[in-house]
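Remarks on the structure that follows.
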Amino acid sequence: MEYNESNFFYLKKTDISEYYDELVKAECLCEYFPIVTKIIVRKIMEVFLKYIAEKNGIEADVAVRILLNNIRLSPNISLPEEIHNGIETVLINGYEHSLSSNKNGIILKHPIEVLETMHQVLCWYLRKTTPEVIATLGDVSFKAPSTIEYMEKEATRIKEDVLLKNNQINNLRQKIIESDGKFTNIREINNIIIIIKKEKSRLEETQILLCKKIKLQKRYVLEVEKDYKTYIKICDYLREKCDESQELLFEKESQLVKLEIQRQELKNSIKKLDYEDHSIKKMELSLDKEVKILRDSYDNLSKLTNEYQDILETVEFSYDKELKEILGAKKNNIKVKMNFEDGIFNENVIKCTQNIAEAKRKVIIFKEIVNEKINREIKYELLYKSFLRLKGRELRILYTILNVTVNLLNKPRELFAKSNEDKILENITQNLEELRNVDDEEIKLIVYYKLIKLSKAPFGSIFSKLQFIKNLDSLVDKSYEILMSKKNFDGKIKKLDSIIEYYLQKVILLAKSKGNSKQINEEMVSKICNEILELRRRTDNIGKVHYEKFNLDIMSEAELKSNIEAQPYTFLSIMLDLGDINSYRDISLIIFEVYNIVNKKFTEYDSKNSFAGFSNEYFMVLLFLSDENTFSVQRDQEELLPLLTVEIMATVFFSDNEEADLNSYNKMVYIWKQKQQRYSSISIKKEEEERALELLMEEKKRLEVIQKELMRNHNTLAQNYDSYRDQFKRIIMNSEKRILLPSYMNYEELRIRKEKAENNISKSKDKLGTLKSIVSPSMWKEQASKFINESNMDETEKCLIEEAKQKPYFKKEYLVFVELEEKIKQINQLIGKNKGELQDKESKISDIQAKINELKRMLTTIKEVYVDIEEGYY
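Everything in the sequence shown is counted per numbering that gives the first Met the number 0, starting at 0 for the first residue and increasing by one.
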């Protein structure tokens, strides 16, 4: 191991040599007083930045972060991003409380990492200003500073090595004395002694250096132990002052966020208004300006707070007394500015809060006015009231009918036979049971969207009551338009009357198809008669075609009953024609009672499903069964709309309460909000997963690049290792120091034997000739001796190589092996680790992709039902 005084030894002969002693001190303290190490390095960094600034004509009497920014913006200095980040790292870690205002995401570092960062910054500076100095220094790579305990162990080990070398030298000297006086042997032993002395001298120098470092490090540790409270006191003072300014800033941030939320809520309320009010719009724009002023004021206060903290830190950590005085005056000025900005902020908060409250009040009043105006614009009030009154079994029957009719479009022709009426009724019953625990308003909201899809009306937003009413009105208009093409449809000025009459007429025809007129009893005839007599008294019925055909105006009651008994279904149609929307309730009761008399099967179904008397539910199912489109294979979905429109209005036919349930609309909006929150939550989750996927994909690509690079480096190292194995062997076998190896003498004996055998073989060939020498026993003996010695030499050579690896005098050569092996080991570990990370990323990518697909499916499902779910989405 090489021992230097410090990682910063290169500073000694440079223009920044004054930093050397303090940085050595920081190294000595890093494992004992990490906070002090970081503070010292930060102080040196501040001095260094001031020196660079002054050297390049940059204003230097400022707080350190302003100074760093000035240096970065200077055209005279090109500051690389990694060096700028390194300087930031040192400054942030020098006073850890700075992390509260750290916007670059720099995290706490170990003091050794801080020292290494400082080392990198200083090396960058020297390479830029005095490259020739760095070039002459060789290896300036950073090495982790050692602790006192570690260096003491190293010093003890080196001392033992020195004693061992002394013993080796003494033993070799004794060997010279005991030798036979041969010059060759004495020379070889002296060479060995010289080599050992050199190694001993190197060890002694290292030992002296280590002892100096230990002594110096102990002195620094002892000094800091006495003054440690002073360092902590500085940090505590800074923390207290910075906390005060940060708490003020956090308070302002909280107020600003609260106002931003209130303003956004107000803007959403304004956006949902169906009409625009000039005064409210003006207040909204004014509030936008006020909030911007508040935000600007907060930004100014934030900048002043950061500058104030920067000055506080610089004053406490700087070595420059003159700079401290200058910054002390600036600190007081900034404090005055902070108080002034705080006052402005508070005034604007009060003003903005009051204006938001006033704007909310105006929005509430205007909303009430708008609601009254919207209510006056309802074209078909009966449908509006009916839809809002939908609830319970009636609502579920409508939902079921809507689904059944739409689903029947895709059924085979044979399913539309009249005999399947029972199956359809069973389907309705089954669906009613399944929907028992679903909320009314949720079902109603789904029904609303399905109806709007059928009518092809613009969806708008459920938040807009005006659009909601227009969409309901469009159901009647579209239904009327569809029915106008039907030959039996009698279009009237009042569209609702025409549509209802059309479907009641269908019920009459259905009743007629179920039985004959003989089933209608006298009591039923009287009811029909009384209703016709009541209706013919209305002035608007005089002149009807039925009057002229049957002479209803002069027909007696007895004659009327007789005609009804003979043609009940004809007079049911006459009764229907005489009526209007105000009399359809009574007319419907009579028609349904007739149907009930002639169709016992439906009566049985009705009683099983608790349809008491002539109820809305009864009416809805009967209307459904009466429409030929229910069983027709040749129809479009939109042709179902008139039937569904009448089904909705059936809710008020048999009810004494005709008032609209206004709270129902609000509940629908509330349900929609819940769905939107759910949609929003899923969307946010999907976006988060997509961002996570994007990061994982980038990380995977990065890991794949790293893996390729690691494999390339591994192959290069493996080639270098194989190449150096042969090179190391040549170095050992050609080195004079090989004679120090224990197996060397044995190797030499084998080499001499081999050479002797080769000489004997050569002489034998010269004496006997090549052919005769081949069959000579002595030649075979020498050849065998040569092969044996060569084989033994190979084995001994391997022993020499292994012994050389263990000896200190071949340490430098062997270290290349060690370093290569360590690098290969490290790179294998990195390859394994990187491969594991890559597999982990692939697994996570697969999981996230599955999650995203599921979230997309959920969003699509919601959007298919609630088509305006993204309206007002924020």
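For every residue, glycine included, the Cβ atom is placed at its ideal position computed from N, Cα and C.
Residue of the options minimising C-alpha distance to residue i
i, options, result
"M696", "E836, Y18 and V220", "E836"
"I705", "K834, N84 and K810", "K834"
"I445", "S140, V864, E869 and K728", "V864"
"D298", "N69, K212, V335 and L248", "L248"
"E115", "K672, L300, L171 and K37", "K37"
"E128", "R186, N55 and V89", "Note on identity: in this sequence residue 128 is Thr, with Glu being the wrong assignment. Nearest C-alpha to T128: N55."
"Y50", "I15, E26 and N84", "I15"
"N712", "I185, F570, I396 and Q825", "Q825"
"N338", "E151, L749, K251 and I861", "K251"
"E708", "Q216, L643, K810 and L829", "L829"
"A62", "L640, N733, Y813 and K323", "K323"
"L749", "N758, L739 and N791", "N791"
"L434", "L814, L692, R392 and L221", "R392"
"E198", "K174, Y227 and Q167", "Q167"
"V593", "E521, I461, S742 and K806", "E521"
"Y94", "L28, V46 and D309", "D309"
"Q206", "R218, L255, K232 and E151", "E151"
"T428", "L716, V597, V620 and T644", "V620"
"I175", "K491, E187 and L90", "E187"
"R294", "S253, E264 and G831", "S253"
"L163", "P807, K811, N402 and A849", "P807"
"I355", "E703, K811, I260 and A154", "I260"
"E80", "V120, K822 and E53", "V120"
"L221", "I147, R71, A849 and F591", "I147"
"I34", "K228, Q726, Q805 and I82", "K228"
Three-state class that DSSP yields for residue i in the structure shown
i, result
"Y568", "helix"
"P741", "coil"
"F610", "Its pLDDT being 42, under 50, F610 is placed unreliably in this model, and the coordinates cannot settle the point."
"L503", "helix"
"G93", "helix"
"C234", "helix"
"E30", "coil"
"S734", "coil"
"N68", "helix"
"K228", "helix"
"G342", "helix"
"G459", "coil"
"P74", "coil"
"G56", "coil"
"D472", "helix"
"L435", "Per the sequence presented here, residue 435 reads as Arg, with Leu not at that position. In this structure, R435 counts as coil in the three-state DSSP scheme."
"G835", "helix"
"F249", "helix"
"K212", "helix"
"I553", "coil"
"M483", "coil"
"N719", "helix"
"L588", "helix"
"I868", "coil"
"I861", "helix"
"V61", "coil"
Rounded distance between the beta-carbons of residue j and residue i, thought under 8 Å
i, j, result
"Y383", "I292", "46 Å between Cβ atoms; not a contact."
"R41", "F316", "6 Å"
"E58", "N69", "6 Å"
"S478", "L624", "Actually they are not in contact, since the Cβ atoms of S478 and L624 sit about 19 Å apart, beyond 8 Å."
"S742", "C798", "4 Å"
Segments of 3+ residues assigned as beta strand (DSSP E) that fall wholly inside the stretch 132-191
none
Report the start-end ranges of each alpha helix (DSSP H) in the stretch 505-539 that is 4 residues or longer and not cut off at the edges.
521-535
Length-filtered (3 minimum) beta strand (DSSP E) runs lying within the stretch 295-368
none
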